[in-house]
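To keep things clear, I will list the structure first and then write my remarks on it.
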Amino acid sequence: MFLVPDPVVRFFHRMASPPHFYALTERLMPWLVVIFLLLAASGLYGGLYLAPPDYQQGDSYRIIYIHVPSAWMSLFIYVVMAIAGGIGLVWRIKLAEIVMISSASVGASFTFIALVTGSLWGKPMWGAWWVWDARLTSELILLFLYLGVIGLYGAMDDKRSASKAVAILALVGVVNIPIIHYSVEWWNTLHQGPTVTKMDKPSIHVTMLVPLLLMALAFKIYYLIALILRARIELLQRERNAQWVKTKAVEEGGL
Amino acid sequence: MALFDAFTAIVRRDLVLALRRRSECANPVLFFILVITLFPLGIGAQPKLLQAIAPGIIWVSALLATMLSLDSLFRSDFDDGSLEQILLSPYPTSILVLGKITAHWLTTGLPLLIVAPLLAVFLGLPNQSLSILLLTLALGTPILSLIGAVGVALTVGLRRGGMILSLLVLPLYVPVLIFASNAVEMAGSGLPVAAQINILVSMLLMALVLAPWPTAAALKMSINS
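Taken in sequence, the protein lines are chains A and B. Per UniProt numbering, the very first residue in the first sequence carries number 1; after that it's consecutive. Per UniProt numbering, the very first residue in the second sequence carries number 1; after that it's consecutive.
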């Protein structure tokens, strides 16, 4: 703790306090929505209108502007979830637990979107809705891991100990995800199914790349928005007996 | 070596308990045999087809049989309170948990190993892959018990933990299934399998070192809630 300057420590202590988090996110929210809308609009305009059609895939490649960012997010959110879980487990910070559990359902949705858009894209390109490709399979297993996290949290009544259980599970999952990923990859390269067309990574043109990165940023902001919305509800539910929630309810609801 | 004594005491206790409840111990093996018998009935009894999918069938059935037996790992100790005594003991919980997992493997994993040759004959598995099948089972089923222990420790406090347990544990079993069944398949066509075996060994060592910690933490959480 000696290495960390005092203001930083104070910032974390204040962020960990539920009333402060609640008030801060309330002020932050409009800005995040504006940034998200700007990024998404420019990304979609660039991706769907400005970028040229692919010389092989025509216009159908444009699904990458949804597909690729959601696939990135599905992994990113799992890591965020595990880190938040680890913090919650070690320092017992209530807010870290809430961030962890609110991330799970957002991450599961992104994983689902990545799978569905990939499948929609695969039908015209590969001629099949689903192939047992390494990436598809590990993404599917990732979805199961998310569902396990959500299911475990839902099955336990005491939310404090449920968060602890979920944190342990998420950390075990983080150790396992690379192993699962590489085992699936190896399994697939050994089998080489007949219909699997190898997706060579083409050097992507800059007019296609810039919208993609814009969309990736937009998805990150969207995740932040969804996370904050869920975390605020979770926070109110858990703290419903706390004084600051009661005062808030009186102020806003006119009770 | 007081720690080692504690470890062996746990193993001995669980083995004695298992001996007193023989029918319960026979369940996973019976399930294993039954599931494998269902496959030829379901997909038709062409010898070629059965031979081709035998490694996968045997391994998937072993996975399911292990998962079915996991609940008995901590359930009775949780119900009668001896789990609390284990957690209260001065020895590290992770070592005692490892003792329980060892006993669990001896009573559920080892029997699978013993009946596996019989089932291999049922499905017409080539002779040269039989030894590899036994080797992968010997290396793989302890990994299944170790990973499963984490899942069952997380869900032991729940009244309806069964479905959740399979959702937690089965995705984590994927690497074992892939490498083990792949090794058996390769051995059947006379190819070298050293790589798969090495990976299974390394996964076993990793699980031995890493799995008892989260299991112990999860048990503490389950007891406290």
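Note that CB positions come from ideal geometry on N, CA and C, so glycine has one too. The structure displayed is predicted, hence computed values, not measured ones.
Item: Among Ile147(B), Leu146(B) and Gly151(B), the one whose alpha carbon lies nearest that of Gly148(A); Value: Gly151(B)
Item: Chain-order list of residues whose beta-carbon lies under 8 Å from that of Thr66(B) (same chain, five-residue window excluded); Value: Pro28, Thr108, Gly109, Leu112, Thr141, Leu144, Ser145 and Gly148
Item: Three or more C-beta pairs below 8 Å linking the region 189-209 of chain B and the region 157-166 of chain A; Value: no
Item: CA-to-CA distance, Tyr45(A) to Asp6(A), given in whole angstroms; Value: 44 Å
Item: Stretch-stretch touch, CB-based, cutoff 8 Å, three pairs: the region 205-214 of chain A with the region 119-130 of chain A; Value: no
Item: Whole-angstrom distance between Tyr222(A) and Ala52(B), CA atom to CA atom; Value: 48 Å
Item: Beta-carbon spacing of Ala212(B), Val115(B) below 7 Å; Value: A quick correction: the sequence has Pro, not Ala, at residue 212(B). Result no, Cβ atoms of Pro212(B) and Val115(B) do not sit closer than 7 Å.
Item: Contact under 7 Å by Cβ, Ala170(A) with Leu158(B); Value: no
Item: Own chain partners of residue 230(B) with C-beta closer than 6 Å, once the 5 adjacent residues on each side are dropped; Value: Because residue 230(B) is not part of the residues shown, which for chain B are 1 to 225, the question remains open.
Item: Which listed residue (Thr102(B), Val11(B), Val176(B) and Leu172(B)) has its alpha carbon closest to that of Leu135(B); Value: Val176(B)
Item: Rounded C-alpha distance that separates Met199(A) from Ile66(A); Value: Bear in mind that the predicted position of Met199(A) carries a pLDDT of just 48, short of 50, making it unreliable; the figure below should be weighed with that in mind. So the alpha carbons of these two residues sit roughly 18 Å apart.
Item: Three-state class that DSSP yields for Asp54(A) in the structure shown; Value: strand
Item: Span separating the alpha-carbon of Ala249(A) from that of Leu227(A); Value: 22 Å
Item: Cβ shell of Ile180(A) (< 7 Å), same chain only, five flanking positions each side left out; Value: Ser138 and Ile141
Item: Counted within 10 angstroms of its Cβ, other Cβ atoms place Trp129(A) as buried (16 or more) or exposed; Value: exposed
Item: Separation of Gly107(A) from Ser74(A), as counted between CA atoms; Value: 5 Å
Item: 7 Å Cβ cut-off: residues of chain B touching Ser183(A); Value: Val174, Pro175, Ile178 and Phe179
Item: Cβ-based neighbour list, Tyr91(B), same chain, cut-off 7 Å, excluding 5 preceding and 5 following; Value: Leu3 and Ala6
Item: Cβ-Cβ distance between Ile93(A) and Ile87(A) below 7 Å; Value: yes
Item: Exposed unless 16 or more other CB atoms sit within 10 angstroms - verdict on Pro178(A); Value: exposed
Item: Pro52(A) burial status per 10 Å Cβ neighbour count (16 or more: buried); Value: exposed
Item: Asp71(B) versus Val35(B), Met163(B) and Val184(B), residue with shortest Cα-Cα distance; Value: Met163(B)
Item: Simplified DSSP assignment, three categories, for Gly157(B); Value: coil
Item: Per-residue contacts from Met221(B) into chain A (C-beta, under 8 Å); Value: Ser161, Lys164, Ala165 and Ile168
Item: Under 7 Å between C-beta atoms of Phe63(A) and Thr117(A); Value: Correcting the residue identity first, residue 63(A) is Ile in this sequence and not Phe. Yes, these two residues count as a Cβ contact at 7 Å.
Item: Amino acids of chain A, ordered along the chain, whose beta-carbon sits closer than 8 Å to that of Ile164(B); Value: Gly148, Gly151, Leu152 and Ala155
Item: Selection of the region 132-155 of chain B by Cβ proximity to chain A, strictly under 9 Å; Value: Ile147, Val150, Gly151, Ala153, Leu154 and Thr155
Item: Nonlocal neighbours in the same chain, by C-beta distance under 6 Å from Tyr153(A), ignoring five residues either side; Value: Ile101, Ala162 and Val166
Item: Under 7 Å between C-beta atoms of Ala153(B) and Thr93(B); Value: no
Item: Buried versus exposed, by CB contacts within 10 Å (16 or more), Tyr61(A); Value: buried
Item: C-beta neighbour in chain B for Val196(A), strict 7 Å; Value: Any reading at Val196(A) is ruled out, since the residue's pLDDT is 39, under 50, leaving its predicted position unreliable.
Item: Under 7 Å (Cβ pairs) to chain A, residues found in the region 205-219 of chain B; Value: Leu210, Pro214, Ala217 and Ala218
Item: Beta carbon of Pro69(A) nearer than 7 Å to that of Ala216(A); Value: yes
Item: Anticipated Cβ contact below 8 Å, Ala180(B) with Trp59(B), distance rounded; Value: 5 Å
Item: Simplified DSSP state of Trp59(B), which is helix, strand or coil; Value: helix
Item: Own chain residues within Cβ distance below 6 Å of Leu168(B), not counting five before or after; Value: Gly151
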